[in-house]
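**Q**
Protein chains: 2
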Amino acid sequence: MEIERKFLCDMPSFDLSAYEKTGIIQYYISTKPVIRIRKTDHAFFLNIKSKGYVSRQELEMEITEEEFDNLVKLTDKAPVSKTRYFIPIGNGLTAELDIYDDALSGLITVEVEFESLEDADSFNPPEWFGEDVSEDNRYKNASLYIKGLPE
Amino acid sequence: MEIERKFLCDMPSFDLSAYEKTGIIQYYISTKPVIRIRKTDHAFFLNIKSKGYVSRQELEMEITEEEFDNLVKLTDKAPVSKTRYFIPIGNGLTAELDIYDDALSGLITVEVEFESLEDADSFNPPEWFGEDVSEDNRYKNASLYIKGLPE
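Here it is in structure tokens:
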């Protein structure tokens, strides 16, 4: 079970170079249900996700580069490309700040994953977080992949 | 982790009507890695599997009929169609007897899933089980889907 909230935000004013980061490139073989392939700086992953917003089932498997390349052939769109920074925000929580590239350039989002729905509901976002888009389909990466930036 | 052994067999001489059964129809969106969709008499499933023979990682998620139909559109081959009988064979083990239809008509296999590699290794198959094809790629359903019956 994946429980998370997502917010828009501006480029943070603090120095990002102190934080762990990775490049992420991802494609979607299907969006309903979500079948996603992702390449990070370190590894390759295949994910499947059920429907839902704040809470949804997610299964992930590490795959080989060859398997990743096989699956890229099943796609027909440019990947979602972004740099993800991992920013500790207290209470054991980590903000995943995604700065998008290419066609999605200008978009910045921040996601936080929670252990329970109660924790997600009671979360008090830091001041640098912007609009809560947890329940806005347009900001799901699968939507961004298919439809691009919301107007 | 999925640990199983697979055997060819002839049509059993005992009465199958006493056992639980289901029809199974499955398609493959990819075979390397395996992305499989399956329809049974009761539900729809999306599976992903890593490489391997007796032991391999397998993740399964239940999906809706609409999601299943969406994923069928990504395939371009006739499905593997079979009837599966669940036959208890003692020691808490169940033989899954698959009687294939359509292009795979004539093929009958039986699979047993184990809790551990030790249990799989020490398994003493019942007399009605035939040749052990656990490590024969040609009898993986993904191969049967792509290549049909072995010659």
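So the protein lines, in turn, are chains A and B.
Quick note: the first sequence uses the numbering used here, first residue 5, plus one each step.
Quick note: the second sequence uses the numbering used here, first residue 5, plus one each step.
Glycine included, each C-beta is placed from N, C-alpha and C at the ideal position.
Source: prediction; values computed, not measured.
Which residues in chain A have a C-beta closer than 8 Å to the C-beta of I67(B)? List them in chain order.
**A** Chain A residues near I67(B): P37, S54.
**Q** Using the Cα positions of E69(B) and N141(A), report the straight-line distance between them to the nearest angstrom.
**A** Spanning the two alpha carbons is a distance of roughly 21 Å.
**Q** Would you say I150(A) faces chain B, with C-beta separation under 9 Å as the test?
**A** False, the Cβ-Cβ gap to chain B never drops below 9 Å.
**Q** Can you list the residues of chain C that Q30(A) reaches, using a CB-CB cut of under 7 Å?
**A** Given the protein chain composition of this structure (A and B), no chain C is represented.
**Q** When the Cβ atoms of the stretch 101-118 of chain B are set against those of the stretch 7-18 of chain B, are three or more pairs found closer than 8 Å?
**A** Touching, per the Cβ criterion.
**Q** DSSP state of A47(B), grouped into three classes?
**A** A47(B) falls in the coil class under three-state DSSP.
**Q** Can you tell me the Cα-Cα spacing of I93(A) and M15(A), whole angstroms?
**A** Roughly 16 Å separates the two Cα atoms.
**Q** Would you kindly report the start and end of the unbroken beta strand (DSSP E) that includes L101(B)?
**A** Where L101(B) is concerned, the enclosing beta strand (DSSP E) stretches over 98-104.
**Q** Taking only the alpha-carbon atoms, compute the straight-line gap between L111(A) and T79(B) and give it to the nearest angstrom.
**A** Taking the straight line joining both Cα atoms gives about 34 Å.
**Q** Determine whether the Cβ of E71(A) lies closer than 9 Å to any Cβ atom of chain B.
**A** Yes, because at least one Cβ of chain B sits closer than 9 Å to the Cβ of E71(A).
**Q** Using the C-alpha atoms, what's the distance from W132(A) back to S2(A)?
**A** Chain A is shown from 5 up to 155; residue 2(A) falls before or after that span and cannot be answered.
**Q** Run through chain A and tell me which residues come within less than 9 Å of N145(B), C-beta to C-beta.
**A** Those do not exist, as N145(B) stays about 18 Å from chain A at its closest Cβ, beyond 9 Å.
**Q** Using a threshold of 9 Å, state whether the C-beta atoms of I33(B) and T44(B) are closer than that.
**A** Not in contact: I33(B) and T44(B) (Cβ atoms no closer than 9 Å).
**Q** State yes or no: is the C-beta of F127(B) within less than 9 Å of the C-beta of L101(B)?
**A** No. Outside cutoff.
**Q** For G152(B), which residues from the same chain have a beta carbon less than 8 Å from its beta carbon, with the 5 sequence-adjacent residues on both sides left out?
**A** If we look at G152(B) and ignore the five residues flanking it on each side, its Cβ neighbours are A107, L108.
**Q** Using the C-alpha atoms, what's the distance from D19(A) back to F49(B)?
**A** Their backbone Cα atoms lie some 45 Å apart in a straight line.
**Q** Chain A partners of N74(B), CB-CB under 7 Å?
**A** Near N74(B) (Cβ distances below 7 Å), the residues of chain A are S34, K36.
**Q** If I measure Cβ to Cβ from I39(B) and keep anything under 8 Å in the same chain, skipping five residues before and after, which residues do I get?
**A** Answer for I39(B): Y32, I33, L50, N51, I52, listed in chain order.
**Q** Between E71(A) and K36(B), which are expected to be in contact by the criterion C-beta below 8 Å, what is the C-beta distance as a whole number of angstroms?
**A** About 6 Å separates the two Cβ atoms, so the contact holds.
**Q** Can you tell me where the alpha helix (DSSP H) holding E69(A) begins and where it ends?
**A** It spans 69-76 - the alpha helix (DSSP H) in which E69(A) sits, taken as one unbroken run.
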